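All residue numbers for the sequence shown refer to our numbering, where the first residue is 32 and numbers rise by one.
The beta-carbon is built from N, C-alpha and C at its ideal position, and this holds for glycine as well.
This structure is a prediction, so every number in the text was calculated from the model and none was measured.
The structure appears right after this line, and notes come after that.
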Amino acid sequence: MALINLLDWREEARQQRQKEFFITLGLMVLFAVGIMALVYWAMQGRIGAQQERNNYLTQEIDQLNRQITEIVKIEKELAELENQMDVIQGLQQSRPEVVKMFSDLVTSVPEGIHLNSFERTNDKNLTFVGRGETTPRISEFMRKLDSSERLRAGDLKDIKKEQKGIPAQNFVLDGLQVIPGRDGKDADGGAN
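Have a look at this one:
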């Protein structure tokens, strides 16, 4: 007897192909998800490594910025100390000059001139306020200042006769202190 297949073999083959298709599709999806997971994991690893490098660089930059700030502060303090040292050296060098200037001043004031005040307005400028018996005495005072080693007469700013019974004239005279060797002038040169 012959066997007759009553089942639709085409339907069964179609279902078999469909089953194989879905199995293959599922495997491909799993494979794609696996590949994506590996790529994601690799990228996260690279991102993490880069983030660690960035954090390290940020820490090093912060440390260098602190060091730079400290260096700038130290350089500023050093400059201030150098300025203070220059001022102190200048004062130490000018200390004997003040004594010598007063010695020259004493020998430059002629008889008949009385100084009421003597003011140093800055490092070298001087102002003499005084009284002279006559105008020639004031002129002699100016000549003696010019001939001294450390003093120079400047402009006679003011001269007034006293109205009292004494024949005298009040004067205001600008002058200059000269430090030999440091001002670039010799003892004979003057500033009028």
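My output table needs one value for residue i: the three-state DSSP class, helix, strand or coil.
| i | result |
| --- | --- |
| D154 | coil |
| I210 | coil |
| G185 | strand |
| D39 | coil |
| A44 | helix |
| A222 | Bear in mind that the predicted position of A222 carries a pLDDT of just 44, short of 50, making it too unreliable to give a figure here. |
| S178 | helix |
| L34 | coil |
| E51 | helix |
Looking only at C-alpha atoms, which of the options sits nearest to residue i?
| i | options | result |
| --- | --- | --- |
| E171 | S139, A63 and L69 | S139 |
| A211 | T158, V70, K188 and K131 | First, the amino acid is wrong: residue 211 is Pro here, not Ala. Measuring from the Cα of P211, the nearest candidate turns out to be K131. |
| I224 | R151, K155, T152 and D189 | In the structure as shown, the chain starts at 32 and stops at 223, and residue 224 therefore has no counterpart that could be examined. |
| A134 | T158, D93, L182 and T165 | Rather than Ala, the amino acid found at residue 134 in this sequence is Ser. Of the candidates T158, D93, L182 and T165, the one whose C-alpha sits nearest the C-alpha of S134 is L182. |
| L204 | K175, R97, L157 and T165 | L157 |
| G206 | F159, E91 and P127 | F159 |
Quick one: what's residue i bridged to in DSSP?
| i | result |
| --- | --- |
| F159 | F149 and L204 |
| K191 | N201 |
| I144 | G163 |
Using a Cβ-Cβ cut-off of 6 Å (strictly less than) and excluding sequence neighbours within five positions of residue i, which residues of its own chain qualify?
| i | result |
| --- | --- |
| N201 | R162 and K191 |
| E164 | G143 and A199 |
Keeping to the same chain, check which residues put their C-beta closer than 8 Å to that of residue i; ignore five residues upstream and five downstream.
| i | result |
| --- | --- |
| E128 | R181, Q208 and I210 |
Give every residue of the same chain whose Cβ lies closer than 7 Å to the Cβ of residue i, excluding the five residues on either side of it in the sequence, and list them in chain order.
| i | result |
| --- | --- |
| L136 | L182 |
Item to complete: Could you pull out every unbroken alpha helix (DSSP H) segment of at least 4 residues lying fully inside the segment 57-86, listed in chain order?
Response: none
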